[in-house]
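Structure record follows, encoded as structure tokens.
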Amino acid sequence: DDDIIGELDGGFIHMMQYLPQERLQCSIVSLYHADQILIETIEYCHERKAFGQSIGNFQYNKFKLAELVTKIDVTKAFLDQCVILHSQGKLTAIDAAKAKWWASDIQGEVLDACVQLHGGYGYMNEYRVGRAWRDGRVQRIWAGSNEIMKELIGRDLGF
Numbered sequence: 001d002d003d004i005i006g007e008l009d010g011g012f013i014h015m016m017q018y019l020p021q022e023r024l025q026c027s028i029v030s031l032y033h034a035d036q037i038l039i040e041t042i043e044y045c046h047e048r049k050a051f052g053q054s055i056g057n058f059q060y061n062k063f064k065l066a067e068l069v070t071k072i073d074v075t076k077a078f079l080d081q082c083v084i085l086h087s088q089g090k091l092t093a094i095d096a097a098k099a100k101w102w103a104s105d106i107q108g109e110v111l112d113a114c115v116q117l118h119g120g121y122g123y124m125n126e127y128r129v130g131r132a133w134r135d136g137r138v139q140r141i142w143a144g145s146n147e148i149m150k151e152l153i154g155r156d157l158g159f
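Position 91 of the sequence shown, counting from 1, maps to 91 under the working numbering, and the rest follow consecutively.
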């Protein structure tokens, strides 16, 4: 009996009680993983030259990086609010689902763009961005797939 967490035969209920916290943790990992790779990609865009200038100077790349930085910042603000709610014991399962879905989706978008901005190097194992892109994909699957997160959110809307 000393090795039992919670009550005997109550494992599923125990797990479900901590699912919002797990989803919040997944969302934080997704966000900061994407943020770090984006920082490295911005540095790469400063250093990498094409046609006599940094590739970050090209309008498309500049606009893409501006979009990605903004999406990261907005996601940080939402997750900060979720962390505050969690620390107060007020984080709902729906807000945790929103955080998990949104942050992992943004992670996928950011990492995909970072691979693209690195060109062929982005797909190579020697570059962190390629490994991050492959490793990050699982964030949209575990702790409930993003489709399940949308299902939960949709049900909360009364559908």
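Virtual Cβ for every residue (Gly too), placed ideally from N, Cα, C.
Other residues of its chain near residue i: CB distance less than 7 Å, five sequence neighbours each side excluded
i	result
K62	G56
L79	S27, I28, L31, A99, A103
Y123	V115, G130
Y127	H118, Y121
Reference residue i; option with closest CA among the options
i	options	result
Q21	G144, H86, I141	H86
S104	C26, M16, G10	C26
Y44	F159, R134, I148, A113	A113
L19	G158, Y123, M149	M149
G120	G6, G11, R48	R48
H118	L91, T75, T41, M16	T41
I106	W133, Q81, L91, G89	W133
D73	Q36, S54, G158, T92	Q36
M16	K76, G158, T92	T92
Sequence-distant residues of the same chain with beta carbon closer than 8 Å to residue i, five excluded per side
i	result
N125	R131
G108	G136, R137, Q139, R140
I94	L152, I153, D156
S54	C45, H46, E47, R48
Same chain, Cβ closer than 6 Å to residue i, neighbours up to 5 away in sequence not counted
i	result
R176	There is simply no residue 176 to check, as the chain begins at 1 and stops at 159 in what is shown.
T75	L31, A103, I106
CB-CB length for residue i against residue j, believed under 8 Å
i	j	result
V29	Q116	Actually they do not touch by this definition, with Cβ atoms about 23 Å apart.
L38	V110	5 Å
Where residue i falls, given that 16 or more other Cβ within 10 Å makes a residue buried
i	result
A34	buried
K98	buried
H46	exposed
K71	buried
I13	exposed
L8	exposed
G52	exposed
Distance cut-off 8 Å: residue i Cβ against heavy atoms of the ligand HEM
i	result
A93	Of ligands this structure carries none, so the ligand HEM is not represented either.
message: Would the segment 140–148 count as touching the segment 61–79 if we require 3 or more Cβ pairs under 8 Å?
response: No, because fewer than three Cβ pairs between the segment 140–148 and the segment 61–79 fall closer than 8 Å, the two stretches do not touch.
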